[in-house]
Amino acid sequence: MPHRLNSLEDRVEVVGITWGAYEPDLLRLRGRVDLVIGSDLFFDPSVFDPLCCTLSFLLDRPPGGGSAKALVAVQDRSGDWSLGEHFARWGLRGRAIHPREFLRGTGIQEGDLIGRHTIFILEIWPDKQRQQQQQQQQQQQQHRD
Numbered sequence: 145m146p147h148r149l150n151s152l153e154d155r156v157e158v159v160g161i162t163w164g165a166y167e168p169d170l171l172r173l174r175g176r177v178d179l180v181i182g183s184d185l186f187f188d189p190s191v192f193d194p195l196c197c198t199l200s201f202l203l204d205r206p207p208g209g210g211s212a213k214a215l216v217a218v219q220d221r222s223g224d225w226s227l228g229e230h231f232a233r234w235g236l237r238g239r240a241i242h243p244r245e246f247l248r249g250t251g252i253q254e255g256d257l258i259g260r261h262t263i264f265i266l267e268i269w270p271d272k273q274r275q276q277q278q279q280q281q282q283q284q285q286q287h288r289d
């Protein structure tokens, strides 16, 4: 579906994706994605693994193919939820960008934006070192079989 806002239809593509499902729309995007933008994706721990799997697939680039990342607005719903094991499993890294950082210089007060919620932007990118280790392990396993 072309995005028509600000005359970006030639530069931006909006695609609906089912997390963890390798459908034709997802497959044709591999290696072509520079930026994934999402909002409120980490709302239920049952979607964390398929979501990280899909992000890992989308953000993967061949050597020398540049870099890609995801920016996801997240509302912290539970201190018990963690993405660390999912990031490790799928070769991802991330960092939280808190409102005070991304609102700096805008004139917008943090409380006016988030109210009483804990909200941040999660920047996610491929952990190239981890991905290389996983590829080496897969190759070693194939040689053993």
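In terms of my numbering, the sequence shown has 179 at position 35, counting the first letter as 1, and numbering is strictly consecutive.
Each residue gets a CB set at the ideal place from its N, CA and C atoms; glycine is no exception.
If you're wondering where the values come from, they're calculated on a predicted model, not measured in any experiment.
Tell me whether R244 sits in a helix, a strand or coil according to DSSP, three-state version. In this structure, R244 counts as helix in the three-state DSSP scheme.
Roughly how many angstroms separate the alpha carbons of G182 and I268, rounded to a whole number? 11 angstroms
Contact between the region 252–270 and the region 227–239: three or more CB pairs below 8 angstroms? yes
H230: buried (16+ other C-beta within 10 angstroms of its C-beta) or exposed? Around the beta carbon of H230, 16 or more other beta carbons sit within 10 angstroms, so the residue counts as buried.
Residue nearest to A232 in terms of C-alpha spacing, selected from G175, F192, A165: F192
From what residue to what residue does the beta strand (DSSP E) around L215 run? 213–219
Taking the alpha-carbon of G160 as reference, which of T198, E254, L266, S211 has the nearest alpha-carbon? Nearest C-alpha to G160: T198.
Identity of the residue in D220, L171, D224, L227 nearest H242 by Cα: Of the candidates D220, L171, D224, L227, the one whose C-alpha sits nearest the C-alpha of H242 is D220.
Roughly how far, in whole angstroms, is the beta-carbon of V218 from the beta-carbon of F246, given that I think they are within contact range, below 8 angstroms? Between F246 and V218 the Cβ distance is about 13 angstroms, and since that is not below 8 angstroms, they are no contact.
Start and end of the alpha helix (DSSP H) containing G228? 228–233
Output needed for A240: all residues of its chain with C-beta closer than 7 angstroms, excluding positions within five of it in sequence on either side, in chain order. F264, L266
On a CA-only basis, which of E167, L173, H261 is nearest V158? Give me that one, please. The shortest Cα separation from V158 among E167, L173, H261 belongs to L173.
Got a sec? Which residues, its chain only, sit under 6 angstroms from M145 by beta carbon, not counting five neighbours each side? With a pLDDT of only 49 at M145, under the threshold of 50, the placement of this residue in the model should not be trusted, and no figure is reported.
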